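Asks: Dumping the structure here so I can ask a few things about it.
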Amino acid sequence: MFQPLPIWLGLRYTAAKRRNHFISFISFISILGILVGVTALITVLSVMNGFERELRERILGVAAHATVTSLGGPMQDWEPVAETAAAHPQVLGTAPYVEGQVMLVSGGRVTGAQIRGVRPDREPQVSDIDENMTAGRLADLEAGEFGVVLGSRLAGYLGVETGDRVTMVTPEASVTPVGVLPRLKRFTVVGTFDVGMYEYDRSTALIHVEDASRLLRMEGGVTGVRLRLDNMFQAPRVVADLKQRLDRNLWVSDWTHRHANFFRAVQTEKTVMFVILTLIVAVAAFNIVSTLVMTVTDKQADIAILRTLGLTPRGVMGVFLVQGTVIGLVGTLLGVASGIALSLNIGDVMTTLENLLNTDLLPADIYYISDLPSDLQWSDVVRITLLSAGLSVLATLYPAWRAARTRPAEALRYE
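All you need for our numbering is the position in the sequence shown, starting with 1, plus 61.
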């Protein structure tokens, strides 16, 4: 089937100028359709990979890879727990923390917030907040001074800057001679941070762990110990090891449990988008069927002459398989090239579109990530290339088989 003659004839048919310009037009549309489909598939998967990577890095830059908490309330003696966890070879850092919900009040504005009590000297071991400070330093949080570090958007909403004061209202009330009153405490803003994720920048406030323990009436205890690992994807295995080393009254969890639904949803979206965009490539590939069917009809006399000169049915089939495959491969390779180029420069393209349209296409108050990241993975490129090439070859089988069944006598009867 793929002897030199069928290959040469297939390439000649592909490059030759056709008398029927409609066939040439359909061939061009087939190549263009595959090009657009492959480009879209590579670009969309790269952008979704980029979003997944950015979400994972930003979430885990603030959240912990793993946490150890007490099943019976506040953890009163966290140092031995931290030492045991730090002895694991894959644990890079440990830090105590206190978490709670409060309301922040400033200048007539009220908003809910998630407070986290931290140790400024140990927090950089488990999070990237210290690297994303926009004002002040994390080290400015001192025990007993009641300072607070706010997310940039939280500070913006409250209209406060470094040195201003905010009132923190806890959900627990105090019983006084005049009745039940909410517990209030004034804090001084000593810094702000911006991790680039609206959820945390808008709702997170950091205070010293001792101040948080006193504010939430934990009697010197903490919520638990946060851990950072050398490989976040090994978190489930590390957690299983730590459960064997730590007391049974402690609960050890990792980020795959706390954010499992979120990342599972992202993976499902990637799969659905891959299937949808693959249909575009499939439709474009099967345009090759129309092109080759019309070509076979137009070349009936040529096929008949080749058959009378000794070309076998398998050879005729090879001619049109080569022709259809070349059309598919040209579209695929052009699509791969344009998809790679667009994926690597999607940020610049996005900026250009925003400037032309004079609008913000990804508002930060709506989307977790306000820019358009891209993570081009060569495994995706190889998979898409093989898929597109395979669909192109598959689309040529029926027209080529039909050409091989051409009977010379009937094709030449009216020539």
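For every residue, glycine included, the Cβ atom is placed at its ideal position computed from N, Cα and C.
As the structure is a prediction and not an experimental result, all values here were calculated from the model.
Using DSSP bridges, identify the partner residues of residue 315.
Replies: DSSP lists 127 as partners of residue 315.
Asks: Residue 48 by DSSP, collapsed to three states: which one?
Replies: Missing from the structure shown is residue 48; the chain here goes from 62 to 476 and no further.
Asks: For residue 160, which residues in the same chain have their Cβ closer than 6 Å to its Cβ, ignoring the five residues on either side in sequence?
Replies: If we look at residue 160 and ignore the five residues flanking it on each side, its Cβ neighbours are 177, 284.
Asks: Whole beta strand (DSSP E) runs in the segment 120 to 200 with 3 or more residues, listed along the chain?
Replies: The segment 120 to 200 contains these whole beta strand (DSSP E) runs: 127 to 131, 152 to 167, 170 to 179, 194 to 197.
Asks: From residue 341 to residue 460, what distance separates their C-alpha atoms?
Replies: Going by the C-alpha atoms only, they are around 21 Å apart.
Asks: Tell me the DSSP secondary structure of residue 339 in three-state form.
Replies: Here residue 339 sits in helix by DSSP.
Asks: Within its chain, find whatever has a CB closer than 8 Å to the CB of residue 307; leave out the 5 residues flanking it on each side and keep chain order.
Replies: Only 129, 142, 145, 146, 313 meet the Cβ criterion.
Asks: Alpha carbon to alpha carbon, how far is residue 223 from residue 117?
Replies: The alpha-carbon atoms of residue 223 and residue 117 are separated by roughly 30 Å.
Asks: Tell me the rounded alpha-carbon separation between residue 515 and residue 457.
Replies: Residue 515 is absent from the model: the chain starts at 62 and stops at 476.
Asks: Do you know whose CA, among 113, 205, 436, lies nearest residue 258's CA?
Replies: For residue 258, the nearest C-alpha among the options comes from 113.
Asks: Between the alpha carbons of residue 299 and residue 210, how many angstroms are there, rounded?
Replies: So the two alpha carbons sit approximately 31 Å from each other.
Asks: What residues in its chain sit with their C-beta under 7 Å from that of residue 204, if we drop five residues either side in the sequence?
Replies: Closer than 7 Å at the Cβ level, and outside the excluded window around residue 204, lie 269, 271, 272.
Asks: Tell me the residue span of the beta strand (DSSP E) that contains residue 289.
Replies: Taken as a continuous stretch (DSSP letters only), the beta strand (DSSP E) holding residue 289 covers 285 to 290.
Asks: Report back the beta-carbon spacing between residue 396 and residue 96 to the nearest angstrom; my notes put them in contact at under 8 Å.
Replies: Yes, residue 396 and residue 96 are in contact; Cβ-Cβ is about 4 Å, under 8 Å.
Asks: Can you list, in chain order, the residues of its chain with a C-beta nearer than 7 Å to that of residue 302? Leave out the 5 residues immediately preceding and following it.
Replies: So the qualifying residues of the chain are 149.
Asks: Say whether the segment 98 to 111 touches the segment 442 to 450, bearing in mind that this needs 3 or more beta-carbon pairs closer than 8 Å, one atom from each stretch.
Replies: With a cut-off of 8 Å, the segment 442 to 450 and the segment 98 to 111 count as touching, because enough Cβ pairs lie within range.
Asks: Taking the alpha carbon of residue 197 as the reference point, which residue from 250, 139, 339 has its own alpha carbon closest?
Replies: Residue 250 is the option with its Cα nearest to residue 197.
Asks: Just checking my contact of residue 264 with residue 215 at CB under 8 Å: how many whole Å lie between their CB atoms?
Replies: Yes, residue 264 and residue 215 are in contact; Cβ-Cβ is about 6 Å, under 8 Å.
Asks: Skipping 5 residues on each side, what residues in its chain have a beta carbon closer than 7 Å to that of residue 404?
Replies: Once the five neighbours on either side are set aside, the close Cβ partners of residue 404 are 103, 104, 107, 435, 437.
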